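Participant: Sequences listed follow chains A and B, in order. The opening residue of the first sequence carries number 1 in full-length UniProt numbering; numbering runs sequentially from there. The opening residue of the second sequence carries number 1 in full-length UniProt numbering; numbering runs sequentially from there.
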Amino acid sequence: MRLGSGAFAACCVVIEVLGVAVFLRGFFPVSVRSAFRVQPLPPAPEPAAGMSSNWTQLPPPRFRKVVIMLVDGLRGDFVFGSKGVQFMPYTTYLVEKGFSHSFIAEAKPPTVTLPRIKALMTGSIPGFIDAVMNFNSPVLLEDNLIGQAKAAGKRVIFYGDDTWIKLFPKHFVEYDGTTSFFVSDFREVDDNITRHLDNVLKREDWDMLILHYLGLDHIGHISGPHSPMVGPKLKEMDYILKKIHISLLSKEREASLPHLLVLCGDHGMSETGGHGASSVEEVSTPLILISSAFQRKSGNFQPPEHVQQTDLAATLAVGLGLPIPKNSVGSLLFPVVEGATMREQLRFLHLNSVQLSRLLQENVPMYEKDPGFQQFKVTEKLHGNWIKLYLEGNNSEVLLNLGRKVLKQYLNALKTMSMSLSKQVGQYDMYSMMIGTVIVLEVLILLLLSTPKALCQKAEFEIPLWSSLFSLLFYLMVLVLSAVHVIVCTSAERSCYFCSVSWLMAVGVMMLISALLCVILCLLANVFENVKLPAKNSAASGSSWSGLDLLILFGTLGHVLSLGASSFIEEEHQTWYFLVNTLCLALGHEICRNHFLGKDFDHNLAVEGDFQKDTKKVLQYRNDSVDVPEYDKVHKMSSLELPEGCEKWLGLATPWLILICCRLLRSFNQTGVQWAHRPDFGHWLTSSDHKAELSVLAFLSLVMIFILVQRRCSPVSKVAMALGLLGVYCYRAAFGNVFLPWQRDNKDISKGIIEARFVYVFVLGILFTGTKDLLKSQFVSADVNIKSRGLWEIHSGLVLLAALLLRPHNLPVLVFSLLIQAVMTKFIWKPLKHDAAQITIMHYWFGQAFFYFQGNSNNIATVDISAGFVGLDHYIEVPAMFLTAFATYVGPILWAIHLLSFLSSENNSRSFCGGEELETEEKTENSVGEWLDKSLDVDVIEYCCVVRSNEGSSLGETWEDTSELMESEQEFSNESRLLLLCSDMFHSCVCVHHPGDISTLPFVYMECVFSKTAL
Amino acid sequence: MKDTDIKRLFYAHLFCVFSIILTTFIPSLFLEEFSVLETHLTWLCICSICVTILNVALYLLVKPNPSSKRSSISHKISRVLKSCVYFSISCLLYHAIIVLYGAPLIELMLETFLFAVILSTFTTLPCLCLLGPNIKAWLRVFTKNGATSIWDNSLQITTVSSVIGAWLGAFPIPLDWERPWQVWPISCTLGATCGYVAGLLISPVWIYRNRKQLTYKSR
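Laid out in structure tokens, this is it:
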């Protein structure tokens, strides 16, 4: 089957996306969910053997009021370690001597606030995908503790991180959110919460109070866990805890139920102060439950027990007399209910086990074999027996012992079931991942095998699809893979995505895999057959690699290899800056060599430059039918001139200019991990003191953008561009980032929605014109010029969009990007005649470098989400996602589109040339033929051939070849030499053998020149 | 002729290598608390001075390019002065390139400059010794097939290898190993030194192995 390069690439991309999707589906485990979402289940009745128990309602609450004090980033050893003793004396006293139970709660990664809040309140384990959603916390729809409390008519009050308010928008009777966006603020965020405390603690009209303190986490982010600021902050937290505790104690009356105070952290912090990963410091958080209902601690202090963070949801639900959230994988913290009667204790444990076993049934295909589930079934029976005995009024030692036994078994079953549920979340779906990997690898190999064909002229691929589809190997492979599929799916212990798709789909994927494999094998066989023949040629071509080629090859390979080390991923920007700088130096070297040493080269250029002049004269000569020697003189004179002027020096200065630009850009945005805290120009600009400077800079940048972009636009889009850029400035002024000259006092900081939409109109307009041109070139006329014009229009439209979305201090980055593109095009790519592969890789490198120049990094926290809200008055998912993605990848996208436009316009001029040459050939032959017909006697010209220089070979080589030819064929007359010389200027040489009648030659030559210049 | 030349080249290079190795040991006898990593700047100065002296001395001793024409003393002095100017220009140029590569502009200026100095010592100085302050000759040597003697070949190899060594030396900097030699600019200077030493050792071997293919046009 024959495929064009475009169709082939499209097929590869589609299959690649499929493979990646399958892989990701396996890599991101789906969190354990209960299917029953709508109707709440009635609470499980108490099991009873023989007679039915009369206790079907939920057990009554054990606590009247609950205060949850969540301290963001509170690490285990801040409370239980030496810091706790030093800075949190009251808490330490409570932990060691008071009415409290303390645990170390393990948080599951990702240790980021949003997933942790979800885990605390639903008891489920959010997946890694929730870390992405950390920015845009949508309403929590899952069954959770707050929702249950609201349904039960409890009044919940919340103060603290506004993530909670986004998660539970209508659940709190009273709230005050603090944004966690300003990390550099330690004091305000916490004072904002504490100021409500006195008032709230006095009142009686609430049942649940949640406080989320952010200050500690901010200190950690800025200066790490050993910062001198941590101590005072812990002291402050200790003081607040003391205040709450004393106030709760004072309000406890004899008759009413006791209160519960919970101190916990959502995640810890690493030794550098960050969090998100799964190191011990990050996952260990303290969990302290304080209530007068608990036993006072005896003297000897034991180290706190390790529990899961998810256990809190179940415990609080039981404590408040609420149903346990359905998706909770936690088990009840038993010490909390130790004070209850034996029947109540067993009831609590039973409720918890029933909930877990339901979850197990829904998520694990072979749940009956699960040891936890079996144990639960046995225990439930035993529990029933116990209830029977209890209801019969048996009140002996036997009952007590039996009760204890049931209790122990329940606890064991809970632990086992909780473990196996957590495993469900923590494990990857290896089978789907492997299928995905195989598909991706096969496509990769296919692409690699077809690269040589893509680089050759025809750009067509012979895919041996049909022969491989009918081969025996294909059917064998399909059979084997299907068998493997059946075996894997029937023996799988856990749910597996790829097993759950319909068998038709599965067989389809298997066929795809085997077909790809067969195609690859066929291609490999072809390659090996071909390799034997041109072995000599390959050796010769290997030595022709220039230094630039080597740099590009080893740089790209080296970058790929460097990703094996995590530091190089964190500091990937350093790799790119380094490579781009080296590339610039290598280009500088190449330019130097061409200017100072390649005299021949220069000579060539000079000749080419003078060509226009010459041809005009030649035309005149032709018209006046003047003979050649005169022209010969003229030409020789002109060819002796060497190029002078600034062009050359500008070319020499270009790499240094780019280097300086890169150095400036590097200090614009510090990124990465190790040096991210270094002061940079971007921060300096964005601070409110330097608003005037930012305004001037933004304005200048917008003007520069206009100057750089307008060259290639049509007049209409020039106007649109200018208005659009003006709109961008107005938008930034309305947003409060920059000043408007006529409006010094900006009172109203609106969101600038009108201005942004104004710009969007122009962006869409320019993009529309570009697309129209593209479509026209595709369907209506075959004019390639229109195509490249359309691409340039799209390029400028995207530049306008980027100017709108990028933060104002990043506008210079955009300017530098455009500047480098323009300069490189003019002085490097065009004069040095790099081939398409080199230019593509250079664009790729620069695109990657600009991704980091923008201030991005491989850390998800550097994604600028504010770009998603430009021109939108509320969050709309699709445009916000698109805009955020575009703003993040502005650098690579702009360089990619520049590459497309550049290559297409270059291709134009080249194909133009090529087409001309062909035409020239025809015309020459025709006219020569005609002339021959007309002129009488001789067959002077045996044949006329046009040897076009190959695309790859540089001008110099052709020149040498020609001069060699000239040297060797001494019988050539002056005129034929002239012919060779001049035709070489078009990268072609017309060699006329056996020049009998000399007067014919100039005619042929001029014919050739004429047809060239005519076009 | 050729074999004796190669021998001389080999001994000269061996001498350079030993002197560089000695700079790491000898100063600790005279200076207290000297070590290559901790008092890196001192070592850099010592090493670059040592290499300079050795290069000049070897040049005067070996005289690889016996100049045919007699030159006056004033001419010689002007050549020496010119060489000094060229050397300082090359130091500044290297400094600029290193800053463009991302070295801090204001802080650690001395460190960066010493790195530039040692890089110049490894690359520019041999060029000045062998070719004189003559840019055209330099450009000739550093093009394809531009070498006219084994000295030119060895110059090509040592220069390129020390630059590549410095280039590769920058790679360990972002790694989070927290080693003392990852501090700027130690890894780069060590890389440059290792590259230079490797170049010194490789070039006689390479020239010896390729001595049949190496034919020099007399210019």
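Just so you know, even glycine gets a beta-carbon here, dropped at the ideal spot from N, CA and C. Computed from a predicted model, the values in this text were never measured in an experiment.
1. Among the residues of its own chain, which have a CB less than 7 Å from the CB of Ala-413 (chain A), if the five just before and after it don't count?
2. To the nearest angstrom, how far is it from the Cα of Leu-557 (chain A) to the Cα of Ala-837 (chain A)?
3. For Ile-125 (chain A), does the count of other Cβ atoms within 10 angstroms reach 16, so buried, or fall short, so exposed?
4. Closer than 6 Å by C-beta to Val-863 (chain A): which residues in its own chain qualify, once you throw out the five before and the five after it? Chain order, please.
5. So which of A:Val-95, A:Gly-564, A:Phe-668, A:Glu-793 has the shortest CA-CA distance to Val-709 (chain A)?
6. Mind checking whether Leu-481 (chain A) and Met-510 (chain A) have CB atoms under 9 Å apart?
7. Using the Cα positions of Lys-7 (chain B) and Trp-43 (chain B), report the straight-line distance between them to the nearest angstrom.
8. Do three or more CB pairs link the region 568-587 of chain A to the region 837-848 of chain A at distances below 8 Å?
9. From the DSSP output, read off the bridge partner residues of Phe-461 (chain A).
10. Does the distance from the CB of Ile-439 (chain A) to the CB of Ile-513 (chain A) come in under 9 Å?
11. Is Gly-339 (chain A) a contact residue of the ligand ZN, with contact defined as CB to any heavy atom under 8 Å?
12. Which partner residues does Ser-100 (chain A) have in the DSSP bridge list?
13. In the region 858-878 of chain A, which residues sit with their C-beta less than 8 Å from some C-beta in chain B, listed in chain order?
14. Please name the residue in A:Ile-766, A:Gly-672, A:Pro-741, A:Thr-671 whose C-alpha comes closest to that of residue 1016 (chain A).
15. Nearest to Val-22 (chain A) by alpha carbon, out of A:Val-501, A:His-226, A:Leu-472?
16. Out of curiosity, what's the CA-to-CA distance linking Lys-830 (chain A) and Thr-159 (chain B)?
17. Nearest chain B C-beta to Gln-674 (chain A) closer than 9 Å, yes or no?
18. Does the beta carbon of Ser-567 (chain A) come closer than 9 Å to any beta carbon on chain B?
19. Work out the CA separation of Val-719 (chain A) and Val-761 (chain A) for me, nearest whole Å.
20. Terminal residues of the continuous beta strand (DSSP E) containing Asp-161 (chain A)?
21. Going straight from the alpha carbon of Glu-571 (chain A) to that of Val-673 (chain A), what length do you get?
22. My understanding is that Val-71 (chain A) touches Met-237 (chain A), with C-beta atoms under 8 Å, so please give their C-beta distance in whole angstroms.
23. Would you list the one or two residues that DSSP bridges to Leu-209 (chain A)?
24. Between residue 288 (chain B) and chain A, is the shortest Cβ-Cβ distance under 9 Å, so that the two count as touching?
25. What's the C-alpha gap between Ser-278 (chain A) and Leu-726 (chain A)?
26. Name, in chain order, the residues that DSSP records as bridge partners for Gln-308 (chain A).
27. Tell whether a beta-carbon distance below 9 Å holds between Leu-99 (chain A) and Pro-286 (chain A).
28. For chain D, find out if any of its Cβ atoms is closer than 9 Å to the Cβ of Pro-174 (chain B); answer yes or no.
29. Let me know if Trp-466 (chain A) comes out buried or exposed under the rule of 16 or more other beta-carbons within 10 Å of its beta-carbon.
30. I'd like to know whether the C-beta of Ser-953 (chain A) is nearer than 9 Å to at least one C-beta of chain B.
31. My output table needs one value for Leu-260 (chain A): the three-state DSSP class, helix, strand or coil.
32. Figure out for me which residue from B:Thr-193, B:Lys-212, B:Pro-174 has the closest Cα to the Cα of Ile-569 (chain A).
33. Which residue wins for smallest C-alpha separation from Ser-817 (chain A), given the options A:Leu-832, A:Lys-833, A:Tyr-844, A:Asp-429?
34. Between which two residues does the beta strand (DSSP E) harbouring Tyr-175 (chain A) extend?
35. Could you check whether Met-842 (chain A) and Ile-552 (chain A) sit closer than 9 Å to each other, using their CB atoms as the reference points?
36. Buried or exposed for Asn-145 (chain B), going by 16 or more other Cβ atoms inside 10 Å?
Facilitator: Based on what the coordinates show:
1. Counting from 1 along the first sequence, the entry for residue 413 (chain A) is found at position 413. Ser-353, Gly-372, Gln-375, Phe-376, Thr-379.
2. Start at 1 with the first residue of the first sequence, and residue 557 (chain A) comes out as number 557. Start at 1 with the first residue of the first sequence, and residue 837 (chain A) comes out as number 837. So the alpha carbons of these two residues sit roughly 15 Å apart.
3. Along the first sequence, one-based indexing puts residue 125 (chain A) at 125. Its Cβ being crowded by 16 or more others within 10 Å, Ile-125 (chain A) is buried.
4. Residue numbering aside, residue 863 (chain A) sits at position 863 when the first sequence is read from its first letter. If we look at Val-863 (chain A) and ignore the five residues flanking it on each side, its Cβ neighbours are Thr-888.
5. By 1-based counting over the first sequence, the position of residue 709 (chain A) is 709. For Val-709 (chain A), the nearest C-alpha among the options comes from A:Glu-793.
6. Counting from 1 along the first sequence, the entry for residue 481 (chain A) is found at position 481. Counting from 1 along the first sequence, the entry for residue 510 (chain A) is found at position 510. Result yes, Cβ atoms of Leu-481 (chain A) and Met-510 (chain A) sit closer than 9 Å.
7. For the purposes of this step, residue 7 (chain B) is identified with residue 7 of the second sequence, where counting begins at 1. For the purposes of this step, residue 43 (chain B) is identified with residue 43 of the second sequence, where counting begins at 1. Taking the straight line joining both Cα atoms gives about 30 Å.
8. yes
9. Residue numbering aside, residue 461 (chain A) sits at position 461 when the first sequence is read from its first letter. Bridge partners of Phe-461 (chain A): A:Leu-3.
10. As a position in the first sequence, residue 439 (chain A) is number 439, starting the count at 1. As a position in the first sequence, residue 513 (chain A) is number 513, starting the count at 1. Yes; because the gap between Cβ atoms is below 9 Å, this pair is in contact.
11. Questions concerning the ligand ZN fall outside what the structure shown contains, since it holds no ligand whatsoever.
12. Taking the first residue of the first sequence as position 1, residue 100 (chain A) is located at position 100. DSSP lists A:Ile-290 as partners of Ser-100 (chain A).
13. none
14. Limits of chain A in this structure are 1 at one end and 1015 at the other, which puts residue 1016 (chain A) out of reach.
15. Translated into positions along the first sequence, residue 22 (chain A) becomes position 22. The residue with the shortest Cα to Cα distance from Val-22 (chain A) is A:Val-501.
16. By 1-based counting over the first sequence, the position of residue 830 (chain A) is 830. By 1-based counting over the second sequence, the position of residue 159 (chain B) is 159. Cα to Cα, Lys-830 (chain A) sits roughly 31 Å from Thr-159 (chain B).
17. Against the first sequence, residue 674 (chain A) aligns to sequence position 674. Chain B contact via Cβ: present.
18. Taking the first residue of the first sequence as 1, we reach residue 567 (chain A) at position 567. Taking Cβ atoms only, chain B reaches closer than 9 Å to Ser-567 (chain A), which makes this a yes.
19. Taking the first sequence and counting its residues from 1, one reaches residue 761 (chain A) at position 761. Taking the first sequence and counting its residues from 1, one reaches residue 719 (chain A) at position 719. Cα to Cα, the separation comes out at about 13 Å.
20. For the purposes of this step, residue 161 (chain A) is taken as residue 161 along the first sequence, with counting starting at 1. Looking at the DSSP string, the run of the beta strand (DSSP E) that includes Asp-161 (chain A) is 156-161.
21. Along the first sequence, one-based indexing puts residue 571 (chain A) at 571. Along the first sequence, one-based indexing puts residue 673 (chain A) at 673. C-alpha separation (whole angstroms): 7 Å.
22. Start at 1 with the first residue of the first sequence, and residue 71 (chain A) comes out as number 71. Start at 1 with the first residue of the first sequence, and residue 237 (chain A) comes out as number 237. Correct: roughly 6 Å between the Cβ atoms.
23. Counting from one through the first sequence, the residue named residue 209 (chain A) turns up at place 209. Paired residues: A:Val-67, A:Ile-157.
24. No information on residue 288 (chain B) is available, as it lies outside the stretch 1 to 219 that chain B covers here.
25. Counted from its first residue, the first sequence places residue 278 (chain A) at position 278. Counted from its first residue, the first sequence places residue 726 (chain A) at position 726. Looking at the two C-alpha atoms, the distance is approximately 48 Å.
26. Position 308 of the first sequence, counting from 1, holds the residue named residue 308 (chain A). In DSSP, Gln-308 (chain A) forms a bridge with A:Glu-106.
27. Along the first sequence, read from residue 1 onward, the residue named residue 99 (chain A) stands at position 99. Along the first sequence, read from residue 1 onward, the residue named residue 286 (chain A) stands at position 286. For the sequence presented, residue 99 (chain A) should be read as Phe rather than Leu. No, the Cβ-Cβ distance between Phe-99 (chain A) and Pro-286 (chain A) is not below 9 Å.
28. Looking at the structure shown, chain D is missing, and the protein chains on hand are A and B.
29. In the first sequence, residue 466 (chain A) corresponds to position 466, counting from 1. Per the 10 Å Cβ criterion, exposed.
30. By 1-based counting over the first sequence, the position of residue 953 (chain A) is 953. With a pLDDT of 36 at Ser-953 (chain A), under the threshold of 50, the modelled position of that residue is not reliable, and the figure given next carries that caveat. It does not; no Cβ of chain B falls within 9 Å.
31. Position 260 of the first sequence holds residue 260 (chain A). In this structure, Leu-260 (chain A) counts as strand in the three-state DSSP scheme.
32. Taking the first residue of the first sequence as position 1, residue 569 (chain A) is located at position 569. Selected option, being the one with the closest Cα: B:Pro-174.
33. Working through the first sequence from its first residue, we reach residue 817 (chain A) at position 817. Taking only the C-alpha atoms, the option nearest Ser-817 (chain A) is A:Tyr-844.
34. Within the first sequence, the letter at position 175 stands for residue 175 (chain A). Note, Tyr-175 (chain A): beta strand (DSSP E), 174-178.
35. Numbered from 1 along the first sequence, position 552 holds the residue referred to as residue 552 (chain A). Numbered from 1 along the first sequence, position 842 holds the residue referred to as residue 842 (chain A). A contact, by the Cβ cut-off of 9 Å.
36. Against the second sequence, residue 145 (chain B) aligns to sequence position 145. Looking at its Cβ environment, which holds fewer than 16 other Cβ atoms inside 10 Å, Asn-145 (chain B) is exposed.
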